[in-house]
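Order-wise, the sequence lines are chains A and B.
Going by our numbering, the first residue of the first sequence is number 137, and it counts up by one from there.
Going by our numbering, the first residue of the second sequence is number 137, and it counts up by one from there.
Right, one structure below, let's go through it.
2 protein chains.
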Amino acid sequence: MNGAESLARTLLASGVDTCFANPGTSEMHFVAALDQVPGMRCVLGLAETVVTGCADGYGRMAAKPAATLMHCGPGLANGLANLHNARRAFTPVVNVVGDHATYHRPFDAPLTADTEALARTVSQWVRTSATSLRVGPDGAAAVQAALSAPGQVASLILPADTAWGEGSGVASALPVPERSLVAPDVLARIARLLRNGARSLIFLSNQALSERGLLAARRVADASGADLLTNTQIPRMARGRGRVPVDRLPYPVDSAVKVLAGYQQVLLVASKPPTAFFAYPGKPSLLSPVDALVDVLARPEQDAVAALEALADELGAPRQVVLGSGGGLPEVRAGRFDPVAFAQTLAALLPEECVVVEDAVTSGRALFPPSFQAAPHDWLQITGGAIGHGFPCATGAAVACPGRKVVCLQADGAGMYALPALWTQAREQLDVINVVFANRIYKILQGELLNVGATPGPTSTALFDLARPALDWVKIAQGHGVEAAQARTLEQFADLFRAACKRRGPFLIEFLIEG
Amino acid sequence: MNGAESLARTLLASGVDTCFANPGTSEMHFVAALDQVPGMRCVLGLAETVVTGCADGYGRMAAKPAATLMHCGPGLANGLANLHNARRAFTPVVNVVGDHATYHRPFDAPLTADTEALARTVSQWVRTSATSLRVGPDGAAAVQAALSAPGQVASLILPADTAWGEGSGVASALPVPERSLVAPDVLARIARLLRNGARSLIFLSNQALSERGLLAARRVADASGADLLTNTQIPRMARGRGRVPVDRLPYPVDSAVKVLAGYQQVLLVASKPPTAFFAYPGKPSLLSPVDALVDVLARPEQDAVAALEALADELGAPRQVVLGSGGGLPEVRAGRFDPVAFAQTLAALLPEECVVVEDAVTSGRALFPPSFQAAPHDWLQITGGAIGHGFPCATGAAVACPGRKVVCLQADGAGMYALPALWTQAREQLDVINVVFANRIYKILQGELLNVGATPGPTSTALFDLARPALDWVKIAQGHGVEAAQARTLEQFADLFRAACKRRGPFLIEFLIEG
Chain A
137 MNGAESLART
147 LLASGVDTCF
157 ANPGTSEMHF
167 VAALDQVPGM
177 RCVLGLAETV
187 VTGCADGYGR
197 MAAKPAATLM
207 HCGPGLANGL
217 ANLHNARRAF
227 TPVVNVVGDH
237 ATYHRPFDAP
247 LTADTEALAR
257 TVSQWVRTSA
267 TSLRVGPDGA
277 AAVQAALSAP
287 GQVASLILPA
297 DTAWGEGSGV
307 ASALPVPERS
317 LVAPDVLARI
327 ARLLRNGARS
337 LIFLSNQALS
347 ERGLLAARRV
357 ADASGADLLT
367 NTQIPRMARG
377 RGRVPVDRLP
387 YPVDSAVKVL
397 AGYQQVLLVA
407 SKPPTAFFAY
417 PGKPSLLSPV
427 DALVDVLARP
437 EQDAVAALEA
447 LADELGAPRQ
457 VVLGSGGGLP
467 EVRAGRFDPV
477 AFAQTLAALL
487 PEECVVVEDA
497 VTSGRALFPP
507 SFQAAPHDWL
517 QITGGAIGHG
527 FPCATGAAVA
537 CPGRKVVCLQ
547 ADGAGMYALP
557 ALWTQAREQL
567 DVINVVFANR
577 IYKILQGELL
587 NVGATPGPTS
597 TALFDLARPA
607 LDWVKIAQGH
617 GVEAAQARTL
627 EQFADLFRAA
637 CKRRGPFLIE
647 FLIEG
Chain B
137 MNGAESLART
147 LLASGVDTCF
157 ANPGTSEMHF
167 VAALDQVPGM
177 RCVLGLAETV
187 VTGCADGYGR
197 MAAKPAATLM
207 HCGPGLANGL
217 ANLHNARRAF
227 TPVVNVVGDH
237 ATYHRPFDAP
247 LTADTEALAR
257 TVSQWVRTSA
267 TSLRVGPDGA
277 AAVQAALSAP
287 GQVASLILPA
297 DTAWGEGSGV
307 ASALPVPERS
317 LVAPDVLARI
327 ARLLRNGARS
337 LIFLSNQALS
347 ERGLLAARRV
357 ADASGADLLT
367 NTQIPRMARG
377 RGRVPVDRLP
387 YPVDSAVKVL
397 AGYQQVLLVA
407 SKPPTAFFAY
417 PGKPSLLSPV
427 DALVDVLARP
437 EQDAVAALEA
447 LADELGAPRQ
457 VVLGSGGGLP
467 EVRAGRFDPV
477 AFAQTLAALL
487 PEECVVVEDA
497 VTSGRALFPP
507 SFQAAPHDWL
517 QITGGAIGHG
527 FPCATGAAVA
537 CPGRKVVCLQ
547 ADGAGMYALP
557 ALWTQAREQL
567 DVINVVFANR
577 IYKILQGELL
587 NVGATPGPTS
597 TALFDLARPA
607 LDWVKIAQGH
617 GVEAAQARTL
627 EQFADLFRAA
637 CKRRGPFLIE
647 FLIEG
């Protein structure tokens, strides 16, 4: 058994049975090993950013890592952006990257690059296998690292000769450490803060956004009078009817500052402090009031759910949470695109237990409130700001959840970064409804130029314009093997969306947003 | 004048008047500055790999750098692969990357990444401006670095506050050092070697592939009996009628070893030694015979043309070179695709003074010999092995050469990495004929799997298959605003190609290669 085969068998023994791949020559022995080892589902992506975005979507929904298989140097470079998103989402990923044979590196062949340096920028764990005997044990260690709380990108680099040399057999799965518990004195301190009468915000992210985490947070809020809010970038959140409705911090700095004004205490639960996405002259980086106390109930790697439950008990909160009707489900609206009317229409249409993937900052801003009463669903968002995450993340989520519909909400500007994900959806006949918001402009940049105090001129206007020529998303989708149609009104959108819900396999709706 | 404006004006003062851009929020002040500063042509790419590939193609043809404008962290990551190709081609590039404001970095906002570490993997020169006062001088230093022989990727990282803070005005252009000359004793040593009766190969790359370099090399060859060969990866080569015909080292190791067998001396001119692209078990990394002497006439940063001319004089070679007819121009062939018949057909059709960009390893293998007698042209090839280079490189070359037709020879697998370059071609109405070799398979990997001694099984067969579903290149091109048509025979191809030569603006021909 060579190193490559020992890795394939070790990954399976550690529970990793899905591999998103875009291999090259230095990975041929691993591909050959996969021919010999049954049980690994291999999903081809036609560009590395597809592979890594799929691994992110898969890991968020499967709660276990997929493996990637990528080509050395520039191959990995092409996949870094979505690994960056995965790192920010604490998604478990076993990122397998081939490299030149150890003895070939000194010849500086064309593809030679500093693969470790590239991997380090997006990984919490990096290892290059030193010999073929180490490949199996290194594979087991990579899975352990990926699964260690809060979830990590573990990059395993395999020089080609470690793949083709004699391996050391199948390495056993390594134990995954339990999440550490929040110390009792921290719980007591936070409980005291929540009883001191100050106006408090509980700021949630990551594990705290699970159904159980949100229920416990609501108990704490009910017992203490604190408000609940989530971070702007949501790795995964349980939402819809029967789930605790919690809104998210707005992306624009001024709106965020307004939402946070007046809070005297901000208590972080598996979240970083509320921080501006970008700096702007004269605007703050930290968005909570300067005199507010910021304290931490649980760090991302700790057991935030247990901490919230213990805190609720400590505060004497009742076990049961009463969720109001929230005003009922919005109805399908008519007319042209408008963020609120679209959000209401989508909320009315979302199928039961669907997975929503959002990569649409400007068109998606109004989506949250109307969908509190939608059918129960999970919501995944771009977490690291590396746009173009939507199509691949939705593709990976669909691989992880074969019984569930995936709804991908994709901005047109961002959608251009990872088009070949559509082909993987078609190839694997994945149940994804892709909605492209075709406003034909980098709308966010138009706003950001004004934000920095500049007056738009001819160059900036041209640099933000996607209308000359217009992208034809129906043809682009069909070119990748995905059926597609265009909507210009909410009624047309609703008809297409309903039809797409009834069929199997991918579909794309281009929603033309006319200025 | 803020830092951003001082950079824009400094770049212009240093002769950089073209900027390939995919900006984000942290680059807004630079975009705003470009609104104020006339004279910079800004070309939008809808993904960073387009931006960097364009800068590579532009720099190879313009012999001066374009600037890029890219977004922090993951934005740069998306552009690394084509910067890797540019680095391998010694293309001058001024790679401008925005970043978070210096004071914003500690907040670890979502896009925060190690931008310098990413830049270092592909750049010969990296600098982060420390204050807004340094942006102008740093810009001039970046242009100087980019133009320093043999041509470099110079990455200038601009924290947002250095762009919006007060600048120090326009920095003057800095002197570019002359190429260093090859020392007389080296010339004498190489001349002695060429007279010693041993079988010699002169192995050329980079500057030696210019029209003048090739003429001088031919004089040396004629006077000494040595053979001429180019490296497999060609940054730019003057070819066609009236130029010295020199073939390239084949990509497959076995073929390359065969071509190099029997040489007792390999003399390098601006080239690395002949090296295998990948390592394979039991095959060599260095492709020349183990007992051959490898010596260096000129390093890439030296004046290889002057060295070849001095060597020719030293050897007493006549000034005039007689180029044979080479057997005349091949004719347009008929029937299905076949690499040799296609190469002959293309050679017959290439328009005068066109620029050929090749990113098609398997379909392109036979292209060289028939085109020795084609109309005069320049040939640019993928140099770093980071596939997906064709469309963007051709786009940038067309921006650099408005009067010349660009012919982009693009493999279908590799073509999927940078589709949005087609949109830039349409937007700028660039004169590019894109030819996609639609063999619907990762053909090179099929061969490489056999090369490593494996037997194809179901997983590898699926991972190399691009036919399920088939990509529809005509629709993909049309979706990006580029007119397109499919050819299934060489006659159809010739008709489409001739028609495309007569029109202006981009066109795409999908050549369906049926197994």
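All C-beta atoms, glycine included, are put in the ideal place defined by N, C-alpha and C.
Only a predicted model underlies this, so the values are computations on that prediction, with no experimental measurement involved.
Judged by their CB atoms, residue 605 (chain B) and residue 617 (chain A) are nearer to each other than the 8 Å cut-off. Linking residue 374 (chain B) to residue 273 (chain B) through their CA atoms gives a straight-line distance of about 36 Å.
From the listed residues B:577, B:487, B:327, the smallest Cα separation to residue 599 (chain B) is found for B:577.
CA-CA distance, residue 505 (chain B) to residue 387 (chain B), rounds to 15 Å. By the neighbour-count criterion, in which a residue is buried when 16 or more other Cβ atoms sit within 10 angstroms of its Cβ, residue 471 (chain B) is exposed.
Taken in chain order, the whole beta strand (DSSP E) runs of length 3 or more contained in the region 432-492 of chain A number zero.
Within chain B, 161, 164 have C-beta atoms less than 7 Å from the C-beta of residue 584 (chain A), given in sequence order.
Only residues of its own chain outside the window of five on either side were considered, and among them none has a CB closer than 7 Å to the CB of residue 611 (chain A). Annotation: Cβ neighbours of residue 612 (chain B) in chain A (cutoff 8 Å, chain order): 611, 612, 615, 616. Going by DSSP, residue 583 (chain B) is part of the alpha helix (DSSP H) stretching over 579-587. Counting every other CB atom within 10 Å of its CB across the protein chains shown gives residue 201 (chain B) a total of 16 or more, marking it as buried.
Here the region 427-445 of chain B makes no contact with the region 470-486 of chain B; the two share fewer than three CB pairs at distances below 8 Å.
For residue 396 (chain B), no CB of chain A lies under 8 Å from its own CB, so it is not counted at the interface with that chain. Taking the Cα of residue 582 (chain A) as reference, the smallest distance to any Cα among A:562, A:572, A:567, A:549 is reached at A:549. Assigned with DSSP and collapsed to three states, residue 235 (chain B) falls in strand.
Within the region 495-518 of chain A, contact with chain B at the beta-carbon level (separation under 9 Å) is assigned to 518. Within the region 262-348 of chain A, the complete alpha helix (DSSP H) runs of at least 4 residues fall at 271-283, 296-300, 320-330.
A contact is defined here as three or more CB-CB pairs under 8 Å, and the region 247-263 of chain B meets this definition with respect to the region 204-211 of chain B.
In this chain, the beta strand (DSSP E) harbouring residue 645 (chain A) covers 643-648. Inter-residue distance for residue 466 (chain B) and residue 485 (chain B) is about 9 Å (C-alpha atoms, whole angstroms).
Separation of residue 233 (chain A) and residue 188 (chain A) (C-alpha to C-alpha, rounded to the nearest whole angstrom) is 11 Å. Linking residue 455 (chain A) to residue 155 (chain A) through their CA atoms gives a straight-line distance of about 41 Å. Fewer than three pairs of CB atoms, one per stretch, sit closer than 8 Å, so the region 180-200 of chain A makes no contact with the region 379-396 of chain B. By the rule that beta-carbons nearer than 8 Å mark a contact, residue 214 (chain A) touches chain B. In this structure, DSSP gives residue 166 (chain B) a helical state, which the three-state scheme calls helix. Counting of Cβ neighbours within 10 angstroms places residue 587 (chain B) among the buried residues, the total reaching 16 or more. Distance from the CA atom of residue 647 (chain A) to the CA atom of residue 235 (chain A), rounded to whole angstroms, is 42 Å. The DSSP-derived three-state label of residue 627 (chain B) is helix.
With a beta-carbon spacing of about 5 Å, residue 229 (chain A) and residue 195 (chain A) fall inside the 8 Å limit used to define contacts. Taking C-beta atoms as the reference points, residue 425 (chain B) and residue 404 (chain B) fail to come closer than 8 Å. Bridge partners of residue 156 (chain A) according to DSSP: A:179, A:204.
Within the same chain, Cβ atoms closer than 7 Å to the Cβ of residue 415 (chain B) are found at 421, the five residues on either side in sequence being excluded. In this structure, the CA atom of residue 457 (chain A) is about 12 Å from the CA atom of residue 445 (chain A).
Interface residue (Cβ-Cβ distance to chain B less than 8 Å): residue 480 (chain A) is not classified as such. Among the bridge pairs identified by DSSP, residue 495 (chain A) is matched with A:546. Going by C-alpha positions, residue 407 (chain A) is about 10 Å away from residue 368 (chain A).
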